[in-house]
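Report on one structure; see the data block that follows.
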Amino acid sequence: MSVRDRRKKEISDFYRQEFVRHRSRLGTQKSFFPEQTYAEIESVLDKIIEEMDKISQVENFEELASHLLHRIDVVTSLSSSRVDPTYRVH
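The numbering of the sequence shown is the numbering used here, which starts it at 6 and goes up by one.
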């Protein structure tokens with residue numbers, strides 16, 4: 006595996022883990038969402054997590070992943086969480 010491929014894999018793994026953390030956070034907020042809305046958000050997160058290796062092949066992967074993470078953070082507010090600072094993204 007080349008250095009470039011290894012770096013992409015490490016970045017992909019980082020973003021996958023961040024999305025997993027957001028999915029966990031979403032689970033704690035389930036009661037705040039209508040059932041259908043929660044299911045849709047959960048489905049999107051699952052798809053992103055499952056397809057992160059494919060997403061990482063996109064030319065502007067880091068920008069795309071960062072944008073997706075920001076959009077999910079708007080829903081979960083994980084990065085601004087003061088409850089458990091270990092769950093902060095930024």
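By construction, the Cβ of each residue, glycine as well, lies at the ideal position given by its N, Cα and C atoms.
Computed from a prediction, not measured in an experiment: that's the story for all the values here.
Requested in this report: Decide if His72 is buried, meaning its Cβ has at least 16 other Cβ atoms within 10 Å, or exposed.
Outcome: In the sequence shown, the residue the question calls residue 72 occupies position 67. Exposed, by the Cβ-count rule.
Report task. Look at the alpha carbon of Glu15 and the alpha carbon of Leu74, and state the distance between them as a whole number of angstroms. Result -> On the sequence shown, residue 15 is found 10 positions in, with the first residue counted as 1. On the sequence shown, residue 74 is found 69 positions in, with the first residue counted as 1. Here the C-alpha atom of Glu15 lies approximately 16 Å from the C-alpha atom of Leu74.
Query - Residue from Phe38, Arg30, Ser61, Thr42 with nearest C-alpha to Arg9 - result: Walking along the sequence shown from the start, residue 9 turns up at place 4. From the listed residues Phe38, Arg30, Ser61, Thr42, the smallest Cα separation to Arg9 is found for Ser61.
Requested in this report: Express the C-alpha separation of Tyr43 and Pro90 in angstroms, rounding to a whole number.
Outcome: Locating residue 90 in the sequence shown gives position 85, where the first residue counts as 1. Locating residue 43 in the sequence shown gives position 38, where the first residue counts as 1. Low per-residue confidence applies at Pro90: pLDDT is 49, beneath 50, and the placement is therefore not dependable, though the value from the model is reported in the following sentence. The straight-line gap from Cα to Cα measures roughly 24 Å.
Requested in this report: For Arg11, count neighbouring C-beta atoms within 10 Å of its own C-beta (all shown protein chains included) and say buried if the count is 16 or more, exposed if not.
Outcome: Residue numbering aside, residue 11 sits at position 6 when the sequence shown is read from its first letter. The residue in question, Arg11, is exposed, as its Cβ has fewer than 16 Cβ neighbours within 10 Å.
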